[in-house]
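Numbering (this note's numbering), first residue to last: 48 to 1016. Every residue, glycine too, gets a C-beta built ideally from N, C-alpha and C.
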Amino acid sequence: MSRIFTQIFYVLLIVLAGNIAAQAQSITVSGTVKDKQTKEGLAGVSLTIKGQSGGTASTSTGGFTFTTTAKVPFTLVASYVGYGTVEQQITGNTTGINIELETAVVLGGDVVVSASRTPERILESPVSIERMSAASIREVAAPSFYDALNNMKGVESSMQSLTFKSINTRGFNSNGNTRFNQYIDGMDNQAPGLNFSVGNIVGITELDVDNVELLPGASSALYGAGGINGTLLMTSKDPFKYPGASFQYKTGVNHVNDNNSSAEPFNQLDVRLAKSWNNKFGVKAAFSFIQAKDWFGNNYSNFDRVSRTAKPGDRNSDTNYDGINTYGDEVSQNMRNVALSVQNATISGINAGSGGLIPNIKALMDGAFGAAIPNTAQQAGFLAGLPAALRPAVQNYFPFYVGLKANLIPDQNVSRTGYNEENLVDYDTKSLKASGALYYNITNTIQAVGQANWGTGTSVYTGSDRYSLRNFNIGQYKLEVKGEDFFVKAYTTQERSGDSYISSILGSYINEVSKPSTTWFPQYIGNYVGARAAGQTDAAAHVLARNAANQGRFEPGSPQFEVAKNNIMNTTISASDPSKGIYGAKFDDKSNLYHYEGMYNFTNLFNKVVEFQVGASYRLYDLNSAGTIFNDLTNSIDIKEYGAFGQIGKKFFNDKVKLTFAGRYDKSQNFEGRFTPRITGVFTVAKNNNIRVSYQTGYRNPTTQNQYIDLSVGGGSQRLIGGLPEIMFGKYKLDGNKAYTDVSYRAFLASAAATGTPNPALLQQYTFDPRGVRPESVQSYELGYKGLVMPNLLVDAYGYYNQYKDFITAVDVYQNVNGSFVKYGVPVNAEGEVTSYGAALGLDYLVGKWNISGNVSYNQIGDLPANYINDFNTPKIRYNLGLGNKEIIKNFGFNVAYRWQDQFYWNSSFASGQVPAYSSLDAQVSLKIPSVMSVIRLGGSNVLNKYYLTSYGNPMAGAIYYLGLTFNP
């Protein structure tokens, strides 16, 4: 695959060399841009050639100069946020141009690309779209533009750590959101081994963001598989339009009034450098580094992982306590089962040790004691009659013999003592992002780009477990040639897990190293029986038993704990061999993605009679986890996907109506091909007032993990396996040795309370679809309106209805393997349809320099199929309010954003529970210093410091207060 990239690279070099030799005659354009009212020079004004690539930006004094080979005459466009656009005709070498801009803020004037993959006014977009420009990014009150996405209409997020947030729209939110696509400069930003983006940890730097566009709902007809719930497209700045050096430094604090920690520093540094020569060559580089203390996962609520529901009690009151953010306590055993296991092992051991002379030590003891419970003296007498070599084993067996005979051992589970997340996870958050790009304008309208984005970081991600992502990194590398009507590109994503590990496996294995469970549980039960026989209450006996079994436990912070922790977290999962005392919790993922894509827009070729586009793509997933995530310890896994799309649109009735039809066909090697159509209509009912209607379809293939995962989670209490037949049936034989449903397994366990032994007749087999897991699809219907009801009031409203088919969910099943039940989590398709519906309304109102905004969204799930686990994970009502003024007095501005959402129930494979309603207020004040092209900002997110939760099992977030200095924003 790397050879293909090399060949493409050399082809581009040949093209570039040929064009360098044939450069056309160049002309120079220079002048000054001023504020028409104050006559002061304006810095950072964008000066571009209309309809072509190239241009520049004004300096700190408003001056500009650039050289171009564009054919004269051409139109020079001067644009700056907050000012009206000015166009000027250029006929040759021109110096001393004086351009004056007037203050003017126009609502609805943005141009978007992502809605139709062609430029169009946002007011005329055929589907719902949200946009954040470079100017609005500079004004956000949140610590970063990515945090401010929550203020967009209909947008929600799941915050798993300070730097890891998953964005979503229209329901079915999740920690790692595989139903939402994220692109950076046309590159799918997903981690190949996860199939979703890791927030903006490895993404685009804030100073390099040109714009952000977000499409709520399905978008497969244009962008391929995925994006059922939305697509986010981020575009970086072009060095021709945004040259120069920029710098930003933020310092602040978080963990204010936090019971887990004293106030901790928050620091962020961003740098961007860009330069162009003769409007022909351009180069840019960007760098960002964040360092802070992460939010603490401290939900110690008791959780039943079998039923995936909360249960009462804590470590002191529940012997089988399993805290949500406590790890190692997932390991649990039934007390009677352990006692019977010890009894059977003793019988076998004594039989072998005696050479067959004592085939059943229990029967011998029953004969000696009859129905009586032997006291200490009777036990000693019995031991004295045995050979000396057998006495220690029988003496260890006596508590279990007495406990079972006297019915002192309850039929209940006990769990090992776990470790809190803060003792296992790395909370020293870091995020380092670096990017660079080379640009060459082959002609005035054709540009070649070579781009590299690389990032590394330390964070925490929540999936079926809490994963400590330490020093992981992702690199994206792209070659692209693009023009006014086409593009061809090839890129690769290289994911490396670094030192990442599973927290629950780490906690469980530290316990195993300190004392194996084969020793800990018998010690617990033996001491419990001794305490009960001595007259202790049940509660007191459990306390004594736990204290005795915990002797030798590695306490957090102790040298033994740190040595064991470091050994386990630096040993890969696949290298684990408990029989040799080798335990590992570390991932070893080196998965890659290779993508090739091209598109051509025939609209200009057809003289704009119709709009017509076609495109195609090919993708290869190269999975390499060395058996630590996927079933690839002894075999390689590649997944090939390809697709093509076409779109045609035309305006009718004096451009009052525009109809568009798009369709795409995609095929994955493991699944049947899919065709996804889209039909849209935009009806202009008055100037700047449009009604839109759309029918869209979307689908997503099962993720790489849905297909091939083979991973132990929950401290070893569950194994996640892929839903392909080769995994379910070929490796785990779930077609021959059928597993049982989780509901029937819980009933099976509960029946022991009445009869003393579980009733196997209650177990019900689960039959998997022989085809395995399949792609899910959605049909989405939307009606919307966007328009200027007044020149200073923009209204955007929509309603939608979604129908999901073959919705990908998961089931927990229990397979009887040699007398022991093994729990598997398996992806499956829900039977029947899953429906959801909702609506949203957004208002933007300008009064002078004041900007008042607000939006509200409503989302609801419809009737559910039988046995479907409701993971809609979305509040019914959510709203945002905003108020801002970029210059309330000279050079002083401010911006505030208020967010509220209703309570809702969160359901995931990690934890389930109620997420309370919450509100949050972000605020910022700014001081511009024009003489040095700088801005000082003082602000914060959640400034009232009301700790809140976005998703159950994840940390609560408090305030971040910051002071920032930005040069040449």
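Inset, instruction - Count the CB pairs spanning the region 372–382 and the region 464–478 that are closer than 8 Å, and state whether there are at least three. - result: Because the criterion of three Cβ pairs below 8 Å is met, the region 372–382 and the region 464–478 touch.
Legend entry - Sheet register partners of G402 (DSSP bridge): BP columns for G402 are empty, so no partner.
Legend entry - Status (buried if at least 16 other CB within 10 Å, exposed otherwise) for A733: With a threshold of 16 other beta carbon atoms within 10 Å, A733 falls short and is exposed.
Legend entry - Check whether A105 and L94 have beta carbons under 8 Å apart: First, the residue type needs correcting, since residue 105 is Ser and not Ala in the sequence shown. Contact flag set, yes.
Legend entry - For H1076, the three-state DSSP class (helix, strand or coil): Residue 1076 lies beyond the residue range present for the chain, which begins at 48 and ends at 1016; the question has no answer from this structure.
Legend entry - Residues of its chain near S798, where Cβ-Cβ distance is below 7 Å and the 5 sequence neighbours each way are ignored: Cβ neighbours of S798 beyond the five flanking positions: P805, N806, L809.
Inset, instruction - Pull up the CB-CB distance for M234 and Q523, whole angstroms please, since I reckon it's below 8 Å. - result: Confirmed, about 5 Å.
Inset, instruction - Within its chain, find whatever has a CB closer than 7 Å to the CB of T509; leave out the 5 residues flanking it on each side and keep chain order. - result: Cβ-Cβ distances below 7 Å link T509 to Q207, N222, F957, G1000, N1001 in the same chain, with the five nearest sequence neighbours on each side left out; the list follows chain order.
Inset, instruction - Report the residue from P606, A238, F447 whose alpha carbon sits nearest the alpha carbon of D636. - result: Answer by Cα proximity: A238.
Inset, instruction - Give, in chain order, every unbroken run of the beta strand (DSSP E) that is at least 3 residues long and sits entirely within the region 527–580. - result: Positions of the beta strand (DSSP E) runs, each at least 3 residues long and wholly inside the region 527–580, are given as 533–543 in order along the chain.
Legend entry - Buried versus exposed, by CB contacts within 10 Å (16 or more), R50: Here the model assigns R50 a pLDDT of 47, short of 50, so the residue's position is not dependable, and the following value carries that caveat. Exposed is the label assigned to R50, since fewer than 16 other Cβ atoms lie within 10 Å of its Cβ.
Legend entry - Proximity below 8 Å, CB of G879 to CB of Q907: Taking C-beta atoms as the reference points, G879 and Q907 fail to come closer than 8 Å.
Inset, instruction - Taking all protein chains shown into account, decide if K340 is buried (16 or more other Cβ within 10 angstroms of its Cβ) or exposed. - result: The residue is buried, with at least 16 neighbouring Cβ atoms inside 10 Å.
Legend entry - Residue nearest to N969 in terms of C-alpha spacing, selected from V990, Q862, V507: Correcting the residue identity first, residue 969 is Asp in this sequence and not Asn. Nearest option by C-alpha distance: V990.
Inset, instruction - Could you check which residue in V962, F192, S172, P263 has the C-alpha nearest to that of S848? - result: The identity of residue 848 in the sequence shown is Tyr, whereas the question assumes Ser. Out of V962, F192, S172, P263, P263 has the C-alpha closest to the C-alpha of Y848.
Legend entry - Closest by C-alpha distance to A857, when choosing among V472, E829, G834, I916: Looking from the CA of A857, the closest CA among V472, E829, G834, I916 belongs to I916.
Inset, instruction - Pick out whichever of Y832, G831, K200, G545 has its Cα sitting closest to the Cα of T503. - result: Closest by alpha carbon: G545.
Inset, instruction - Identify whether Y57 lies in helix, strand or coil by the three-state DSSP scheme. - result: With a pLDDT of only 39 at Y57, under the threshold of 50, the placement of this residue in the model should not be trusted, and no figure is reported.
Legend entry - Reference P603; option with closest CA among S561, A592, A586, H589: Out of S561, A592, A586, H589, the CA that lies nearest to the CA of P603 is found in S561.
Inset, instruction - Give the secondary structure of A71 by DSSP, where H, G and I count as helix, E and B as strand, and everything else as coil. - result: At A71, the pLDDT of 46 sits below 50, so the modelled position is not reliable; the number obtained from the coordinates is stated separately. Reduced to three states, the DSSP call for A71 is coil.
Inset, instruction - Figure out for me which residue from A1004, R984, L996 has the closest Cα to the Cα of K297. - result: Minimum Cα distance to K297 is reached at R984.
Legend entry - Distance, A386 Cα to F416 Cα: Inter-residue distance for F416 and A386 is about 19 Å (C-alpha atoms, whole angstroms).
Inset, instruction - Whole angstroms is fine: what's the gap from S998's alpha carbon to N460's? - result: Each residue's alpha carbon lies about 29 Å from the other.
Legend entry - Cβ contact (3+ pairs, closer than 8 Å) linking the region 602–622 and the region 642–660: The region 602–622 makes no contact with the region 642–660; the number of CB pairs closer than 8 Å stays below 3.
Legend entry - Secondary structure of V461, DSSP reduced to three states: If DSSP states are grouped into helix, strand and coil, V461 belongs with the strands.
Inset, instruction - Decide yes or no for the touch test of the region 431–445 against the region 399–416: beta carbon pairs closer than 8 Å, at least 3 of them. - result: They touch, by the three-pair rule.
Legend entry - Burial state of M837, where buried means 16 or more other Cβ atoms lie within 10 Å: So M837 counts as exposed.
Inset, instruction - On a CA-only basis, which of P772, P922, A481 is nearest D317? Give me that one, please. - result: Comparing Cα-Cα distances from D317 to each of P772, P922, A481, the minimum goes to A481.
Inset, instruction - Give every residue of the same chain whose Cβ lies closer than 6 Å to the Cβ of S335, excluding the five residues on either side of it in the sequence, and list them in chain order. - result: If you ignore the 5 residues before and after S335, its C-beta comes within less than 6 Å of the C-beta of T252, D317, K480, all in its own chain and listed in chain order.
Legend entry - DSSP state of N989 mapped onto helix, strand, coil: Correct three-state label for N989: coil.
Legend entry - Beta-carbon separation (whole angstroms), M179 vs V259, contact threshold 8 Å: The distance from the Cβ of M179 to that of V259 is about 4 Å, consistent with a contact at the 8 Å cut-off.
Inset, instruction - Can you check DSSP and say which residues form a bridge with N737? - result: According to DSSP, which records beta bridges pairwise, N737 is partnered with T731, K833.
Inset, instruction - Look at the Cβ atom of Y948, then the Cβ atom of Q961, and state whether they are nearer than 8 Å. - result: For the sequence presented, residue 948 should be read as Gln rather than Tyr. It is not a contact, given that the beta carbons lie outside the stated cut-off.
Inset, instruction - With DSSP as the reference, label A64 as helix, strand or coil. - result: Its pLDDT being 39, under 50, A64 is placed unreliably in this model, and the coordinates cannot settle the point.
Inset, instruction - Report the residue ranges of all alpha helix (DSSP H) runs contained in full by the region 74–112; include only those spanning at least 4 residues, in chain order. - result: Segments of the alpha helix (DSSP H) lying fully in the region 74–112: there are none.
Inset, instruction - Could you check which residue in G895, R946, G1005, S967 has the C-alpha nearest to that of K933? - result: The shortest Cα separation from K933 among G895, R946, G1005, S967 belongs to G895.
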